[in-house]
Amino acid sequence: MSRKFTITTAIDYVNAKPHLGHAYEKITADAIARAHRALGRDVFFLIGNDEHGTKIEKSAAAAGVSPQEWVDRMAEVYQSTYEKLLISWDGFIRTTEERHHSGVREILARVRANGWIRRDKYTGWYCEGCEAFYTEKDLVDGKCPNHDTEPRWVEEENWFFRLSDFRDRLLAHIRENPGFIRPESRRNEVVAFLEGGLEDLSISRAGVKWGIPFPEDPNAVVYVWFDALTNYISGVGFGTDPAEFARRWPASVHVVGKDITRFHCVIWPAMLMAADIELPECVFGHGFIYQSGTKMSKSLGNIVNPLDVVDVTGADALRYFLIRELTYGKDGDFSWDAFIARYNAELANDLGNLVKRTTDMTARFLGGEISAGADTGKDRTGLRADAERVTATVIRAWEDFDLSGALESTWSLVRRANQVIQEKAPWELAKDDLRRAELTGVLDELLEAIRIVAELAAPAIPGKTDEIRARLGLAGGASAPWTESTVWRHRPGWRVAPGDPVFPRIDRKKEPEKSEPATEAVSKRAQKKAKRAAPAATGPAASIGIEQFRDVELRVATVLEAVPVEGADRLLQLTLDLGDEKRQVVSGIARHYAPEDLPGRQVIVVANLAPATIRGVESRGMILAAESGGRLALLAPGHEVAPGTRVS
RNA sequence: GGCGGUGUAGCUCAGUUGGUUAGAGCAGCGGAAUCAUAAUCCGCGUGUAGGGGGUUCGAGUCCCUGCACCGCUACCA
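Those letters in the first sequence? Residues 781 to 1428, per the working numbering, in order.
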């Protein structure tokens, strides 16, 4: 049995339809999966849906259906979308499936048996939109920072996972396995996070219905961690099919978004350690694809359905763009301009035209056939050496998650082939019967180079490379592993089937307006550039109107009392006399002013600043100070004035 | 505030362990060719390598230090 390669993506939360971000993750993971199949590995590519939680219940209720109906319906939507995108998944796990529940029960039982689960009381602010708890300081004006809604105070008996006990083991694992977290920048962040210490994790929720019942606790369901993350093992037989699990686990790579990389590098490995299960070899945090100025977000409803893109030029074109345009692991932009530019230049002009002109010439000059007995094999073009060099480079790139580089290198062979056509000028050779052997040989080598390009590009554009193979007269789609298929060998013969362009050019002028998404919004990068180009427009140097200044209510106040904030070495809690009222303000001046020196001093306070809670203490206002050379100076009136006096 | 990262041609980016005239693609300009999707091929870049300082025979590549932006994080208000 060949070496196994198990690759997963994050499972998708199905409270909304799939968008470009989903497509990006699946497409890149699919390309990696296909590349590893071509490398001869025993690949298992797992994707799936996350189908529990209150947000699902709400989406279902809003649609007037039961949660189960809702997730069934969404599963079809996601699967048909991914079929359209040519995603070649081997396994699709849904968290409502019995096999998943079984896996969750099994891992919980193991973790519990090992003594890593305890019962305790949980309190916190719960936002239903986020399905997450917040501490006081996370809230903005008492509201959820993501949803602008008021969370509710929750106190419940809960099950806890002793996550904090795994800190050192996790750090050691990351240190000993440099490839565990990729790209490297993500690893640094996770290490920093771990060094900051961990808290135990609440893993159950009371009062939630739509979820996996928590074993031995009829009132609670399993909270997201032990539910969703467990898909990676339940999807390959954990808890149901030990033989399959032994064959597929550990995963070679979890492909996830950079926003959830940390969970996959901390909580998930700790869960596995606690259950005595092997850890995945690698967690790869990919970047985001931006468009119209905001991160694709299911919650904000700012979505662009990838199908819109697919309908313009087909799935392969979108796949090519996403894989080629973004450096894997970094963020990038989707824009129709960039998409069309790459499509026309690299797919239509470079590759598509190469296929067309070569097959057309073979048809025109040689009747479409190069027979087995033709005078080939002389290596007249040098393409053989080019192909061998490029193949080695491309394979290395696929193995190293350098998806863009793999395509870039592949295209160097495309360019080389176009150069060869120019150099050898087959149309000239065709005029001279005495040079027919040379003509045949050149076209034979060009066709062979195209065949190899199709092999190397297949992970990215599997549909179109099948078409190209058909043009070359080759049967079937997927072919042998690269170790065989990329070997330069002269075919016994060619029988080409020229046809319409494989990648018809996109006429920019005729590019329909309808396909231009939300133009009023500016991309994040464009905003950045605009900011750079015209700093006066947004920077502090810009002049403001007097009205704007008047919006800021500055008042003189007298400090009545100052005490340190418990547990904070920079904060003082001040009680201020504002004339008609007393105000409590928290200020980060403890390093510069002793509490006992402050009472009686006058300060300037921003009186209408929105209240905030800092370190558990409410602050209603801000006092002004200037910092210079590391020293802080409180602002005060030149001589004593009545407290509450407005500053203008 | 702390930690990490980025800053290279109009645009997107490569640049291995410091070493010859700093590269590629796109866009632009000029030309060739005509098999091909007005496609292709050839030629054309004096780029303050964000700024300053340093180490070295020699630095985009190492060190120090401001700056700008990004990410994570924090007891910013």
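Every residue gets a Cβ at the ideal spot worked out from N, C-alpha and C, and that includes glycine.
{"Item": "Spatial neighbours of residue 1387 within its chain, please: CB distance less than 6 angstroms, with the 5 preceding and 5 following residues excluded, ordered by chain position.", "Value": "1333, 1335 and 1401"}
{"Item": "Can you tell me the Cα-Cα spacing of residue 1129 and residue 1285, whole angstroms?", "Value": "8 angstroms"}
{"Item": "Just the C-alpha distance for residue 1099 and residue 786, rounded to the nearest angstrom, thanks.", "Value": "21 angstroms"}
{"Item": "Identify every run of the beta strand (DSSP E) within the region 1233-1286, keeping only runs that are complete inside it and at least 3 residues long; order them along the chain.", "Value": "none"}
{"Item": "Taking DSSP's pairing of strands, which residues face residue 1402 in a bridge?", "Value": "1386"}
{"Item": "Starting from residue 828 and walking both ways along the alpha helix (DSSP H), at which residues does that stretch end?", "Value": "Run containing residue 828: none in the alpha helix (DSSP H); it sits in the beta strand (DSSP E), 822-830."}
{"Item": "Could you check if residue 811 is buried or exposed, using at least 16 other CB atoms within 10 Å of its CB as the buried criterion?", "Value": "buried"}
{"Item": "Does the beta-carbon distance from residue 1032 to residue 1058 come in below 7 angstroms?", "Value": "no"}
{"Item": "Residue 999 lies in the alpha helix (DSSP H); which residues open and close that run?", "Value": "It is not in any alpha helix (DSSP H) - residue 999 instead sits in the beta strand (DSSP E) that spans 997-1002."}
{"Item": "How about residue 1189 and residue 1170: do their beta carbons lie closer than 7 angstroms?", "Value": "yes"}
{"Item": "Please check the pair residue 819 and residue 1261, which I expect to be a contact at CB under 8 angstroms, by giving their CB distance rounded to whole angstroms.", "Value": "7 angstroms"}
{"Item": "Just confirm the distance between the C-beta atoms of residue 1191 and residue 1228, as a whole number of angstroms; I'd bet it's less than 8 angstroms.", "Value": "Not a contact, Cβ separation roughly 17 angstroms."}
{"Item": "Compute the distance between the beta-carbons of residue 898 and residue 946, then report whether it is under 7 angstroms.", "Value": "no"}
{"Item": "Give the secondary structure of residue 900 by DSSP, where H, G and I count as helix, E and B as strand, and everything else as coil.", "Value": "strand"}
{"Item": "Applying the 10 Å Cβ sphere with the 16-neighbour rule, what's the burial state of residue 1430?", "Value": "Here the chain has residues from 781 to 1428 only, and residue 1430 is not among them."}
{"Item": "Give the DSSP-derived three-state secondary structure of residue 1129 in the structure shown.", "Value": "helix"}
{"Item": "Evaluate residue 1440 with the Cβ neighbour count: other Cβ atoms within 10 Å of its Cβ, from every protein chain shown; 16 or more gives buried, anything less gives exposed.", "Value": "The first residue shown for the chain is 781 and the last is 1428, placing residue 1440 beyond what the model contains."}
{"Item": "Specify, as a first and last residue, the run of the beta strand (DSSP E) that residue 1336 falls within.", "Value": "1334-1344"}
{"Item": "Quick one: is the Cβ of residue 1008 within less than 6 angstroms of any heavy atom of the ligand ATP?", "Value": "The ligand ATP is not part of the structure shown, which contains no ligands of any sort."}
{"Item": "By Cβ distance below 6 angstroms, which residues in the same chain neighbour residue 1254 in space, the five residues on each side in sequence not counted?", "Value": "none"}
{"Item": "Which whole-angstrom value describes the C-beta separation of residue 836 and residue 850, a residue pair presumed to lie in contact below a C-beta threshold of 8 angstroms?", "Value": "7 angstroms"}
{"Item": "Under three-state DSSP, which class holds residue 938?", "Value": "strand"}
{"Item": "How is residue 1166 classed by DSSP in three states: helix, strand or coil?", "Value": "helix"}
{"Item": "Taking just the CA atoms, how far does residue 1105 sit from residue 1121?", "Value": "11 angstroms"}
{"Item": "How many Å lie between residue 1310 and residue 797 at the Cα?", "Value": "Below a pLDDT of 50, predicted positions are generally treated as unreliable, and residue 1310, at 32, falls in that range; the measurement from the model is reported next regardless. Those two C-alpha atoms are separated by around 33 angstroms."}
{"Item": "To the nearest angstrom, report how far apart residue 1240 and residue 931 are at their CA atoms.", "Value": "44 angstroms"}
{"Item": "For residue 1005 versus residue 1040, is the C-beta spacing smaller than 7 angstroms?", "Value": "no"}
{"Item": "For residue 1019, count neighbouring C-beta atoms within 10 Å of its own C-beta (all shown protein chains included) and say buried if the count is 16 or more, exposed if not.", "Value": "buried"}
{"Item": "Taking the continuous beta strand (DSSP E) assigned at residue 796, which residues delimit it?", "Value": "First-last for residue 796: undefined, no H or E at that position."}
{"Item": "Within the continuous alpha helix (DSSP H) that includes residue 1204, where are the two ends?", "Value": "1183-1204"}
{"Item": "Whole-angstrom Cβ separation of residue 1193 and residue 1167, contact assumed at under 8 angstroms?", "Value": "6 angstroms"}
{"Item": "On a Cα-Cα basis, can you pick out the residue from 1404, 1102 and 1426 that is closest to residue 1358?", "Value": "1426"}
{"Item": "From the DSSP output, which residues share a beta bridge with residue 872?", "Value": "827"}
{"Item": "Quick check for students: name the residue ranges of the beta strand (DSSP E) that lie wholly in the region 989-1077, counting only runs of 3 or more.", "Value": "997-1002, 1033-1037, 1063-1066 and 1069-1071"}
{"Item": "Rounding to the nearest angstrom, what Cα-Cα distance links residue 1082 and residue 857 in this structure?", "Value": "At residue 1082 the pLDDT is 35, less than 50, meaning the model places this residue with poor confidence and gives no usable figure here."}
{"Item": "Would you decide whether residue 1351 is buried or exposed? Buried here means 16 or more other CB atoms lie within 10 Å of its CB.", "Value": "buried"}
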